[in-house]
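Novice: Here it is: the structure, laid out below.
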Amino acid sequence: MTSKELYLLREDYLSRNLEYQCIHHSDWNYNILHNIMYLTRPGRGNNTTYNDVIIMCDTETSRKKVYTSKQVSTLPSGLKARENHVVAWTISIRAFNMNIVTLYGHKPSTLVSTMKKIHDEMSGDVTVMYFHNLPYDHWFIRRFLFKELGKPEKQLNIKPHYPLFVRFACGLEIRDSLMLAQKKLEKWAEDLQVEHQKAVGKWDYNKFRSQNDTDFTPDELEYIEHDTLAGVECLQKTLDIYKKKIYSIPYTMTGFIRDDVRKIGKEHNAKELFNRIAPTFEQYIKLTNVFHGGYVHANRFYIDMLIDDLVQCYDFCSSYPFCMLAFKYPMEKFHEVPDCHIEDILKAGEKRAFMFKLIAYKVSLKEHDHVMAALQYSKCVQGTCLNPILDNGRIIEADYLEIYLNEVDLEIIADQYDFQGEMCVEVEAAYKDYLPRWFTDYVFNLFKGKCELSLTDDYINYMVQKAKINGCYGMCVQKSIKEVIIEDYDTDDITKVYKVDEDEDPKKREKAMRKEYDKYLKKHGNILVYFWGVWVTSYAFRNLHRLNECVKPEKEGGLLLYNDTDSGYAVNWDEEKLAAYNKWCLECLHANNYDSVVIDGKVFTLGIAEHKPLKDDYTEFKVQGAKRYAGRCKKDGEIHITVAGVPKKGATCLHDDLNNFTKGFIFPGKETGKLQHVYFASDIYVDDEGNETADSIDLLPNDYTLDSTELFTLEDLLSEEIEVQVYEDN
565 MTSKELYLLR
575 EDYLSRNLEY
585 QCIHHSDWNY
595 NILHNIMYLT
605 RPGRGNNTTY
615 NDVIIMCDTE
625 TSRKKVYTSK
635 QVSTLPSGLK
645 ARENHVVAWT
655 ISIRAFNMNI
665 VTLYGHKPST
675 LVSTMKKIHD
685 EMSGDVTVMY
695 FHNLPYDHWF
705 IRRFLFKELG
715 KPEKQLNIKP
725 HYPLFVRFAC
735 GLEIRDSLML
745 AQKKLEKWAE
755 DLQVEHQKAV
765 GKWDYNKFRS
775 QNDTDFTPDE
785 LEYIEHDTLA
795 GVECLQKTLD
805 IYKKKIYSIP
815 YTMTGFIRDD
825 VRKIGKEHNA
835 KELFNRIAPT
845 FEQYIKLTNV
855 FHGGYVHANR
865 FYIDMLIDDL
875 VQCYDFCSSY
885 PFCMLAFKYP
895 MEKFHEVPDC
905 HIEDILKAGE
915 KRAFMFKLIA
925 YKVSLKEHDH
935 VMAALQYSKC
945 VQGTCLNPIL
955 DNGRIIEADY
965 LEIYLNEVDL
975 EIIADQYDFQ
985 GEMCVEVEAA
995 YKDYLPRWFT
1005 DYVFNLFKGK
1015 CELSLTDDYI
1025 NYMVQKAKIN
1035 GCYGMCVQKS
1045 IKEVIIEDYD
1055 TDDITKVYKV
1065 DEDEDPKKRE
1075 KAMRKEYDKY
1085 LKKHGNILVY
1095 FWGVWVTSYA
1105 FRNLHRLNEC
1115 VKPEKEGGLL
1125 LYNDTDSGYA
1135 VNWDEEKLAA
1145 YNKWCLECLH
1155 ANNYDSVVID
1165 GKVFTLGIAE
1175 HKPLKDDYTE
1185 FKVQGAKRYA
1195 GRCKKDGEIH
1205 ITVAGVPKKG
1215 ATCLHDDLNN
1225 FTKGFIFPGK
1235 ETGKLQHVYF
1245 ASDIYVDDEG
1255 NETADSIDLL
1265 PNDYTLDSTE
1275 LFTLEDLLSE
1285 EIEVQVYEDN
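Its first residue numbered 565, the sequence shown is counted upward by one per residue in this note's numbering.
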């Protein structure tokens, strides 16, 4: 009998004889797991087997009702954080395209022992179990895992307190499905339209609970059951959509696109081109300095002013994909260019790519009332920007600065600034051409597919296609040298649990980085060159500033208020200039033999500036700075906010009055739902109420005070989104 025949036989048997249960972990017949099949990863040269089962785990926690001074931490705000403990957990198991069981319990020790028992009852070497937001659950159960399974064999941390996966010698591996889905469980289940949805509102998080509270109300049981049931169903749907097995599912959403690109690239000898043009280690370090991310800025003259004219938003249709198709990129290894000046770079920039360090003396805006200054203080070589006058992180003038740029950035900077003296050093150049056709065709076909699906009811595949096209840019800017963050499994000092694994000796640190970069270059699957992503960002930056030129002059009633990466908010756009800009976008596509997508008479064009009437219209608008603006949407009459660190629902705190959106306004954490994490590190102990306790996290309301001059890092600006590096399966 073949394995496929055996699979079908067992699937048929279980579907006829097994009824799904939600049951206490001690009452279930674990022998059912003997039916689970295992899979072998093909082409890897080893015989490791993976249990063909989908498992999702989850915990619910409670603050301690009775506590000692050692279990409390007083924060600078005066709030008192206290230790928490696990009070409920569930494990849902799905196999043979059906939900098998949801097990539940109360203590972290029984969660871990049940995880091990499930693994031991199956015949495969490796069992993968998911948590949706692993960093939270892992911190509560890590010491119980160590006690039961030993210290991890391998662990990958994205940042402190943020493991992507943890692997144990026994074959149990826990992963984070939040990083795979890139969205909250409620949204994931809703988007994939699975049978069981998150039972929102049926668990009271303010209630003090004990592990001895063994009886759940029907609502509470439904809540914890649906958390993991929805999880396994979402994982099943994801496996089916992307045609993956449990052993081949990537750690992150970008991994799905990476696999597609690698497969197509292999057919077109993409690795050969990569090997020929990939930057050296020194060039890569320089390129990381050239890269500057998205442009986010506000008109400094209208900070904290209520605009009651009609403000309209125009944003680009798939900005980064357009840049990939429409413009030319470095297509050879960079080489040194001696004695090169700004004029030389600007003149040759159409055909050649340049990266260099600009040294400038007496820098100032040509027009001091220019509202979207391009030079970024944080990107200047550390300590070199002298006596700057800044506008929320952008340079209005400075006595001296040094900054790494490319020819695309220089085009905008030279247009905006005067220098009394300047020189370009460390200049390197490469000829430019369009990106490989196989890759641009892949991007264009994703865009075309997204457009087609947008006109159907197939919401699931539309979201998949949208995620794929958004991921194409991300693959190009993944760091070639990733920071390694290690976890100390023995310390009780919360400040020393996580640290960057790097040598204090600069020479040894550089040697280790070179070794890591050499590994990156040699890895067969790496076929997209980092500098392509750097230039994509620069082209998008240039396009945004060209969009700004489509606002009428202030003397004609025009007013540019805000830029956010691929969009502009302004009063009185110049329709003729917008039409000319959009025509130029189409001409750029035509030059590379691409065109608009036309479906049932509806035209979709990459890169053009679009405006949705009513939805993108605001009858009132107010801005406080980067990622801090609010407006009353004409479509629904409601106030909508974008404030880094404040959930969208925080708009209700303004009480329908934009005058409240001002410096010093406090968005209360109790109303916005914004929480701060307070970590406790502790060995396992049992408290006076019988609760098993170890490491824990207390979630406290996090108030946000609105400011108009706050500077943000890129991580701050993306705080409401989830972005990670692409990590390889090993």
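C-beta atoms are modelled at their ideal positions from N, C-alpha and C, and glycine is treated no differently.
So, does the segment 1235 to 1254 touch the segment 619 to 627, judging by three or more C-beta pairs under 8 Å?
Specialist: Segments in contact, no.
Novice: Using the Cα positions of C734 and P699, report the straight-line distance between them to the nearest angstrom.
Specialist: Taking the first residue of the sequence shown as 1, we reach residue 734 at position 170. Taking the first residue of the sequence shown as 1, we reach residue 699 at position 135. The alpha-carbon atoms of C734 and P699 are separated by roughly 21 Å.
Novice: Return the residue from the list L874, N661, M1039 and A834 that minimises the CA-CA distance to Y577.
Specialist: Counted from its first residue, the sequence shown places residue 577 at position 13. Selected option, being the one with the closest Cα: N661.
Novice: Among the residues of its own chain, which have a CB less than 6 Å from the CB of T604, if the five just before and after it don't count?
Specialist: If you number the sequence shown from 1, residue 604 lands on position 40. The residues are T613.
Novice: Any idea which residues DSSP pairs E986 with across the strands?
Specialist: Residue mapping note: residue 986 aligns to position 422 of the sequence shown, counting from 1. A924, per the DSSP bridge assignment.
Novice: In terms of alpha-carbon separation, which member of Q940, Q946, T1169 and Y1145 lies closest to I960?
Specialist: By 1-based counting over the sequence shown, the position of residue 960 is 396. It is Q940.
Novice: Would you call H702 buried or exposed, if buried means 16 or more other Cβ atoms sit within 10 Å of its Cβ?
Specialist: As a working mapping, residue 702 is identified with position 138 in the sequence shown. Buried is the call here.
Novice: Please confirm whether any heavy atom of the ligand FMN lies closer than 8 Å to the CB of G1228.
Specialist: For the ligand FMN, the structure offers nothing, since it holds no ligand at all.
Novice: Using only CA atoms, which one of S687, V692 and V730 lies nearest to R707?
Specialist: Residue mapping note: residue 707 aligns to position 143 of the sequence shown, counting from 1. Here the closest residue by C-alpha is V730.
Novice: Checking 9 Å against the spacing of the C-beta atoms, do S673 and N648 come in under that value?
Specialist: Locating residue 673 in the sequence shown gives position 109, where the first residue counts as 1. Locating residue 648 in the sequence shown gives position 84, where the first residue counts as 1. Not in contact: S673 and N648 (Cβ atoms no closer than 9 Å).
Novice: Whole angstroms is fine: what's the gap from K715's alpha carbon to D1005's?
Specialist: As a first step, residue 715 must be located in the sequence shown, where it is residue number 151. As a first step, residue 1005 must be located in the sequence shown, where it is residue number 441. Each residue's Cα considered, the two are about 46 Å apart.
Novice: Pull up the CB-CB distance for L922 and C988, whole angstroms please, since I reckon it's below 8 Å.
Specialist: The count along the sequence shown starts at 1 and reaches residue 922 at position 358. The count along the sequence shown starts at 1 and reaches residue 988 at position 424. Indeed, because the Cβ distance is near 6 Å, the residues count as touching under 8 Å.
Novice: Are there 16 or more other CB atoms within 10 angstroms of the CB of D1220, so buried, or fewer, so exposed?
Specialist: For the purposes of this step, residue 1220 is taken as residue 656 along the sequence shown, with counting starting at 1. D1220 is exposed by the Cβ-count criterion.
Novice: Kindly provide the ranges of any beta strand (DSSP E) runs that are 3 or more residues long and lie completely inside the segment 1021 to 1086, ordered along the chain.
Specialist: Whole beta strand (DSSP E) segments, 3+ residues: 1049 to 1051 and 1062 to 1064.
Novice: Counting only runs that start and end within the segment 677 to 750, where is the beta strand (DSSP E) found for 3 or more residues in a row?
Specialist: DSSP runs (the beta strand (DSSP E)) wholly in the segment 677 to 750: 691 to 695, 718 to 723, 726 to 731 and 736 to 740.
Novice: Measure the Cβ-Cβ separation of F845 and Y1081 and say whether it is below 9 Å.
Specialist: In the sequence shown, the residue the question calls residue 845 occupies position 281. In the sequence shown, the residue the question calls residue 1081 occupies position 517. Cβ atoms of F845 and Y1081: closer than 9 Å.
Novice: How would you write the range of the alpha helix (DSSP H) that Y584 sits in, first residue to last?
Specialist: Here residue 584 is taken as the residue at index 20 of the sequence shown, counted from 1. No alpha helix (DSSP H) holds Y584; DSSP gives it neither H nor E.
Novice: Skipping 5 residues on each side, what residues in its chain have a beta carbon closer than 7 Å to that of L1222?
Specialist: Position 658 of the sequence shown, counted from the start, is the residue given in the question as residue 1222. Same-chain partners within the cutoff: L870, E1184, K1186, A1194, R1196 and I1203.
Novice: So, is S579 buried or exposed, given that buried needs 16 or more other C-beta atoms within 10 angstroms?
Specialist: As a first step, residue 579 is located in the sequence shown; it is residue number 15 there, counting from the start. Exposed, because fewer than 16 other Cβ atoms sit within 10 Å of the Cβ of S579.
Novice: Start and end of the alpha helix (DSSP H) containing D979?
Specialist: Here residue 979 refers to the residue found at position 415 when the sequence shown is read from its first residue. Start and end: E971 to Q980.
Novice: Quick test of your reading: I1058 and A1245, contact by CB under 8 Å. State the CB separation rounded to the nearest angstrom.
Specialist: Here the question's residue 1058 lines up with position 494 in the sequence shown. Here the question's residue 1245 lines up with position 681 in the sequence shown. That belief holds up - the Cβ atoms of I1058 and A1245 are roughly 4 Å apart, short of 8 Å.
Novice: If you drop the 5 nearest sequence neighbours on each side, which residues of the same chain put their C-beta closer than 6 Å to that of V650?
Specialist: Position 86 of the sequence shown holds residue 650. Once the five neighbours on either side are set aside, the close Cβ partners of V650 are T623, T625, P672 and F704.
Novice: With DSSP collapsed to three states, give me the class of M936.
Specialist: Position 372 of the sequence shown, counting from 1, holds the residue named residue 936. DSSP places M936 in coil when its eight states are reduced to three.
Novice: Per DSSP, what kind of secondary structure is W592 in: helix, strand or coil?
Specialist: Residue 592 sits at position 28 when you count from the first residue of the sequence shown. Three-state DSSP puts W592 in coil, outside helix and strand.
Novice: Mind the definition here: the segment 900 to 917 touches the segment 965 to 973 only if three or more C-beta pairs lie below 8 Å; say whether that holds.
Specialist: Yes, since at least three Cβ pairs between the segment 900 to 917 and the segment 965 to 973 fall closer than 8 Å, the two stretches touch.
Novice: Express the C-alpha separation of Y848 and V991 in angstroms, rounding to a whole number.
Specialist: Working through the sequence shown from its first residue, we reach residue 991 at position 427. Working through the sequence shown from its first residue, we reach residue 848 at position 284. Their backbone Cα atoms lie some 14 Å apart in a straight line.
Novice: Near L874, which residues of its chain fall below 7 Å by C-beta distance, leaving aside the five closest residues on each side in sequence?
Specialist: In the sequence shown, the residue the question calls residue 874 occupies position 310. Here the set comprises V1135, D1181 and T1183.
Novice: Should L572 go down as buried or exposed, given a rule of 16 or more other Cβ atoms within 10 Å for buried?
Specialist: By one-based count along the sequence shown, residue 572 stands at place 8. It counts as exposed.
Novice: Considering only their Cβ atoms, is the gap separating G1189 from N1025 smaller than 9 Å?
Specialist: Within the sequence shown, the letter at position 461 stands for residue 1025. Within the sequence shown, the letter at position 625 stands for residue 1189. Contact: no.
Novice: In the DSSP assignment, find the beta strand (DSSP E) that holds P782 and state where it starts and stops.
Specialist: Position 218 of the sequence shown holds residue 782. Where P782 is concerned, there is no enclosing beta strand (DSSP E), although the alpha helix (DSSP H) it sits in stretches over P782 to Y806.
Novice: What residue does the alpha helix (DSSP H) around P885 start on, and which one ends it?
Specialist: As a working note, residue 885 is residue 321 in the sequence shown. Start and end: S883 to A890.
Novice: How close, in whole Å, do the beta carbons of Y866 and W1137 come, if the pair is a contact with beta carbons under 8 Å?
Specialist: Numbered from 1 along the sequence shown, position 302 holds the residue referred to as residue 866. Numbered from 1 along the sequence shown, position 573 holds the residue referred to as residue 1137. Incorrect: roughly 16 Å between the Cβ atoms, too far for contact.
Novice: If you reduce the DSSP assignment to three classes, tell me which class K830 lands in.
Specialist: What you label residue 830 is simply residue 266 of the sequence shown in a count that begins at 1. Helix at K830.
Novice: With 16 other CB atoms within 10 Å as the buried threshold, where does F886 fall?
Specialist: Counting from one through the sequence shown, the residue named residue 886 turns up at place 322. Counting Cβ neighbours within 10 Å, F886 comes out buried, since at least 16 surround it.
Novice: In the structure shown, what three-state DSSP assignment does E624 receive?
Specialist: Locating residue 624 in the sequence shown gives position 60, counting from the first residue. The answer is strand: DSSP assigns E624 an E or B state.
Novice: Taking DSSP's pairing of strands, which residues face L1124 in a bridge?
Specialist: Here the question's residue 1124 lines up with position 560 in the sequence shown. Note: L1124 sits in a beta bridge opposite A1134.
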